[in-house]
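Residue numbers (my numbering): 132 to 310.
Just so you know, even glycine gets a beta-carbon here, dropped at the ideal spot from N, CA and C.
Okay, here's the thing in structure tokens:
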């Protein structure tokens, strides 16, 4: 089991994308603290969104944002060492640092609970301070890379005729007659 992201009382989780693609949800939503959950059958939610186009746009943007967060987290697991992952989480999600059980946080960061505990103690003593700047630079590169990828995904379904017209306008025109 792998934890992909956390959300607080003002956030959402949804399997909307999987439903729209007609595929099973690739994950389960689990609460690590007591929570009140609103439940609505997805066909009713889609009908509601179809009637409220402005809200639909906001919701779809939020779903893209959630997926970008998951992509960034996956990349982080591969590119950053254990102290870097802890440092990035504390920078990106300070609101969760005291709310998420340490066992769940360790799982999210792909660490043992013991390693996370040791790294948190070291971080409290600012031993990791020298590495924080390096991690922050790499962190920014990850975020920029995810944003570029998300922009390409959104921009791909552009009309081919528009591209052809732009290409034709950029070609140098041949002159007829004397130069």
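> Run through DSSP, which three-state label would residue 215 get?
Replying inline: Helix.
> By how many angstroms is the C-alpha of residue 134 removed from the C-alpha of residue 239?
Replying inline: Their Cα atoms are separated by approximately 5 angstroms.
> Are the stretch 211 to 218 and the stretch 228 to 246 in contact at 8 angstroms, needing three or more beta carbon pairs?
Replying inline: In this structure the stretch 211 to 218 touches the stretch 228 to 246; the number of beta carbon pairs closer than 8 angstroms is three or more.
> residue 168 to residue 186, Cα distance in whole Å?
Replying inline: Going by C-alpha positions, residue 168 is about 20 angstroms away from residue 186.
> Over what stretch of residues does the alpha helix (DSSP H) that includes residue 201 continue unbroken?
Replying inline: It spans 184 to 210 - the alpha helix (DSSP H) in which residue 201 sits, taken as one unbroken run.
>> In this structure, how does DSSP classify residue 270 when only helix, strand and coil are distinguished?
In response: Note: residue 270 maps to helix in three-state DSSP.
> Under the three-state reduction of DSSP, which class applies to residue 244: helix, strand or coil?
Replying inline: Reduced to three states, the DSSP call for residue 244 is helix.
> Is residue 156 buried or exposed, if buried means 16 or more other CB atoms sit within 10 Å of its CB?
Replying inline: Under this definition residue 156 is an exposed residue.
> Exposed or buried, what is residue 160 when buried is set at 16 or more other beta-carbons lying within 10 Å of its beta-carbon?
Replying inline: The residue in question, residue 160, is exposed, as its Cβ has fewer than 16 Cβ neighbours within 10 Å.
>> Looking only at its chain, what residues have a beta carbon closer than 6 angstroms to the beta carbon of residue 242, apart from the 5 residues adjacent to it on each side?
In response: 213.
> What do you reckon, are the CB atoms on residue 277 and residue 166 nearer than 7 angstroms?
Replying inline: For residue 277 and residue 166, no; Cβs fall outside 7 angstroms.
> chain C beta carbons: is any one of them nearer than 7 angstroms to that of residue 206?
Replying inline: The displayed structure is made up of one protein chain only, and chain C is not part of it.
> I think residue 210 touches residue 273, with their Cβ atoms under 8 angstroms apart; what is that distance to the nearest whole Å?
Replying inline: Rounded, the Cβ-Cβ distance is 7 angstroms, consistent with contact.
> Which one of 232, 182, 136 and 151 has the shortest CA to CA distance from residue 158?
Replying inline: Selection 232, 182, 136 and 151 evaluated against residue 158 yields 136 as nearest (Cα-Cα).
>> Tell me the rounded alpha-carbon separation between residue 177 and residue 152.
In response: Looking at the two C-alpha atoms, the distance is approximately 13 angstroms.
> From which residue to which residue does the alpha helix (DSSP H) around residue 238 run?
Replying inline: Per DSSP, residue 238 belongs to the alpha helix (DSSP H) from 233 to 239.
> So residue 145 packs on residue 194, CB below 8 angstroms; how close in whole Å?
Replying inline: That pair is a contact at about 7 angstroms.
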